[in-house]
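S.K.:
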Amino acid sequence: MGDRVLSEAAHNSGGGGTVEYIQHHLTNLCVGDCDPVTHQASGFWSLHLDTIFFGYLIAALIVFVGWRVGSSLNPDKPSGFQNFVEMILDFVSTQVKDTFPGHNPLIAPLALTIFLWVFLMNFMDLIPVDLLPMIASGLGIPYLKVVPTTDLNTTLAMSLTVFVLVVFYSIKVKGPVGYLKMFLFHPFGKFFVPVNIVMTTIEELAKPLSLALRLFGNLFAGELVFLLIALIGGTLTVGAAALFWFPLQVVLDLGWLIFHLLVITLQAFIFMVLTIVYLGMAHTEEH
Amino acid sequence: MNITATLIAQMIAFVLLIWFVNKVLWGPMSAMLAERQKRIADGLAAAEKGKHDLELAEKHAKEELQAAKAKAAEIMAQAEKRANAIVDEARVHARAEGDRQLAAAQAEIERETNRAKEQLRGQVASVAMAGAARILKREIDAKSHGEVLNDVIAQI
Chain A
808 MGDRVLSEAA HNSGGGGTVE YIQHHLTNLC VGDCDPVTHQ ASGFWSLHLD TIFFGYLIAA
868 LIVFVGWRVG SSLNPDKPSG FQNFVEMILD FVSTQVKDTF PGHNPLIAPL ALTIFLWVFL
928 MNFMDLIPVD LLPMIASGLG IPYLKVVPTT DLNTTLAMSL TVFVLVVFYS IKVKGPVGYL
988 KMFLFHPFGK FFVPVNIVMT TIEELAKPLS LALRLFGNLF AGELVFLLIA LIGGTLTVGA
1048 AALFWFPLQV VLDLGWLIFH LLVITLQAFI FMVLTIVYLG MAHTEEH
Chain B
154 MNITATLIAQ MIAFVLLIWF VNKVLWGPMS AMLAERQKRI ADGLAAAEKG KHDLELAEKH
214 AKEELQAAKA KAAEIMAQAE KRANAIVDEA RVHARAEGDR QLAAAQAEIE RETNRAKEQL
274 RGQVASVAMA GAARILKREI DAKSHGEVLN DVIAQI
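Going down the list, the protein sequences come from chains A and B.
Position in the first sequence (from 1) plus 807 gives the number in our numbering.
Position in the second sequence (from 1) plus 153 gives the number in our numbering.
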């Protein structure tokens, strides 16, 4: 990571270069309704092509590998990779069984999808921060944000889908009247109906928002720390000082990398488990 | 961070991905795992059954072996009895045969003795007649002295 930072920082020499470097890395490849100067989306009708590209690429990878594994299953002599996938599947299945009351065939595949997709999108964070943007700029693409989960659009897309499912199953299980009653009489009983409506609405809306913001926040912050570590060797290096700053950058980067490996797995796991829990709550009669 | 139409694109990706994962990975694999579980359960049940069958067969074989042993012992005893009977019978038979042969031999001896006696008697009569003729210096008419002669023969 370090050597790539050097050339990048040399390009943007000076104090302004640092800010520019970080801003450049936090800007999506925007098409459509975008600000021509800052390259930030200025309206709803614009697309972050990099987020969409990597999100779909990873989704396609999951489907392809899943299809390869799923079409050559051997129940008697599982190959190495089949064992690995079975292990993940078993892990997710155990989580669903432990957390989810009742039976719904959608929950387990949903949980598996969330875990795999979120984990792999998070994993993009472990690729050296400058590698892919450098290659992209070589190909004439000015901006590239490689981690789809550092884009709020991705995390919100998933949490809103989960929210739709939660509302759908709440109404399906409790019935429209039961769902309405939940807003009216929960949590303080029938004498505080207005308060109850506000409280329950906030509670329900907090579910998808907290899901989306937690994942986005963790990954955005992680990406930012990678950028800051990358700057150590870049902007501060003048001549012989590189002998000190460069090893420091390598050590810090490795440390954060190892720690972040834990964070990305944990965030994928949390997103999955909370989805199961929210959907489980939607499936219980008594709230 | 701006919310853009990217949100919609990612939602579509998410929904499609759920569908695909369920279709190509979760469905086949959980079916396979369930089948494997069933096969393991079946295998264990079959093993249990086999063990039970083996126990039964062992018990059965033991019983059979015991029966066979008893039967063999019985047959041996019978054979021994039969052998004894045969030996006894042979002995009795041999003794009877011996007795019979002995009796036959004795009868033969008796017969031979009698014949020799008759022969001797005849010869003695002629010898006596020849002796008497020589003593009397004349012929003895066998016919006229027949009565005397027979008397002499009878006395011998």
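For every residue, glycine included, the Cβ atom is placed at its ideal position computed from N, Cα and C.
Within 7 Å (strictly less), CB to CB, does E188/B reach chain A?
M.R.: Yes, E188/B lies at the interface with chain A (some Cβ there is under 7 Å from its Cβ).
S.K.: Looking at the secondary structure, which residues open and close the beta strand (DSSP E) in which W852/A lies?
M.R.: A848 to H855
S.K.: Per DSSP, what kind of secondary structure is V840/A in: helix, strand or coil?
M.R.: Reading the sequence as shown, one finds Asp at residue 840/A and not Val. Three-state result, D840/A: strand.
S.K.: Could you give the distance in angstroms between the alpha-carbon of N303/B and the alpha-carbon of E271/B?
M.R.: Approximately 13 Å between the Cα atoms of the pair.
S.K.: Can you give me the start and stop residues for the alpha helix (DSSP H) that D241/B sits inside?
M.R.: G180 to L289
S.K.: Out of A249/B, E242/B, V305/B and K224/B, point me to the one whose CA is closest to M282/B's CA.
M.R.: V305/B
S.K.: Could you check how far apart the C-beta atoms of D932/A and I1083/A are, in whole angstroms? I think they sit under 8 Å.
M.R.: That pair is no contact at about 24 Å.
S.K.: So which residues on chain A does L160/B lean against when the C-beta distance must stay under 9 Å?
M.R.: Listed along chain A are F851, L959, N960, T961, L963, A964 and L967, each with a C-beta nearer than 9 Å to that of L160/B.
S.K.: Starting from H855/A, find everything on chain B with Cβ-Cβ shorter than 8 Å and list it in chain order.
M.R.: Annotation: Cβ neighbours of H855/A in chain B (cutoff 8 Å, chain order): T157 and T159.
S.K.: Taking 7 Å as the threshold (beta carbon to beta carbon), is L197/B in contact with chain A?
M.R.: no
S.K.: Strictly under 7 Å for the Cβ-Cβ distance: is I228/B near chain A by that measure?
M.R.: no
S.K.: Between L1038/A and Y828/A, which are expected to be in contact by the criterion C-beta below 8 Å, what is the C-beta distance as a whole number of angstroms?
M.R.: 7 Å
S.K.: Using 8 Å as the threshold, is the segment 865 to 878 of chain A in touch with the segment 917 to 930 of chain A, meaning 3 or more CB pairs across them?
M.R.: yes
S.K.: Any Cβ of chain B within less than 7 Å of the Cβ of L917/A?
M.R.: yes
S.K.: Whose Cβ in chain A lies nearer than 8 Å to the Cβ of L170/B?
M.R.: A866, I869, V870, T920 and W924
S.K.: Output yes or no for whether 7 Å exceeds the beta carbon distance between N155/B and P916/A.
M.R.: no
S.K.: Does DSSP classify F891/A as helix, strand or coil?
M.R.: Look at F891/A here: in three-state DSSP terms it is helix.
S.K.: Between A166/B and chain A, is the shortest Cβ-Cβ distance under 7 Å, so that the two count as touching?
M.R.: yes
S.K.: For a cutoff of 7 Å on Cβ pairs, would you count L951/A as touching chain B?
M.R.: no
S.K.: 7 Å is my cut-off, CB to CB: does I859/A come that close to chain B?
M.R.: Using beta-carbon distances, I859/A counts as an interface residue toward chain B, with a partner under 7 Å.
S.K.: Are T858/A and T159/B close, meaning C-beta to C-beta below 7 Å?
M.R.: yes
S.K.: If you measure from the beta carbon of L972/A to each beta carbon in chain B, is any gap under 7 Å?
M.R.: The Cβ of L972/A sits no closer than 7 Å to any Cβ of chain B.
S.K.: Nearest to H1090/A by CA position, among E1030/A, V974/A and M1006/A, is which residue?
M.R.: Measuring from the Cα of H1090/A, the nearest candidate turns out to be V974/A.
S.K.: Taking the CB atoms as reference points, tell me whether F1023/A and T962/A lie closer together than 7 Å.
M.R.: yes
S.K.: For E1092/A, collect the residues of the same chain with a Cβ closer than 8 Å to its Cβ; drop the 5 residues on either side in sequence, then sort them by chain order.
M.R.: V980, K981 and G985
S.K.: Between which two residues does the alpha helix (DSSP H) holding D304/B run?
M.R.: Looking at the DSSP string, the run of the alpha helix (DSSP H) that includes D304/B is G299 to Q308.
S.K.: Please state the DSSP three-state secondary structure of E1092/A.
M.R.: Coil at E1092/A, not helix or strand.
S.K.: Note down the Cα distance separating S183/B from L833/A, rounded to an integer number of angstroms.
M.R.: 41 Å
S.K.: Excluding the 5 residues flanking L1081/A on each side, which residues of the same chain have their C-beta closer than 7 Å to its C-beta?
M.R.: Sequence-distant Cβ neighbours of L1081/A in its own chain, meaning closer than 7 Å and more than five residues away, are L1018.
S.K.: So, under 8 Å CB-CB, N835/A and K1014/A are touching, yes? Tell me the CB distance rounded to an integer number of Å.
M.R.: At roughly 26 Å, the Cβ-Cβ gap does not stay under 8 Å, so N835/A and K1014/A are not in contact.
S.K.: To the nearest angstrom, how far is the alpha carbon of G299/B from that of E265/B?
M.R.: 27 Å
S.K.: Could you tell me the alpha carbon to alpha carbon distance between L972/A and K884/A, rounded to whole angstroms?
M.R.: 38 Å
S.K.: According to the Cβ coordinates, are I914/A and V903/A closer than 7 Å?
M.R.: yes
S.K.: Who are the near neighbours of C841/A in its chain, counting only those whose CB is closer than 8 Å to its CB and skipping five residues on each side?
M.R.: Q847, A848, S849 and S853
S.K.: Which residues in the same chain as F992/A place their Cβ atom closer than 7 Å to its Cβ, once the five residues preceding and following it in sequence are excluded?
M.R.: N1003
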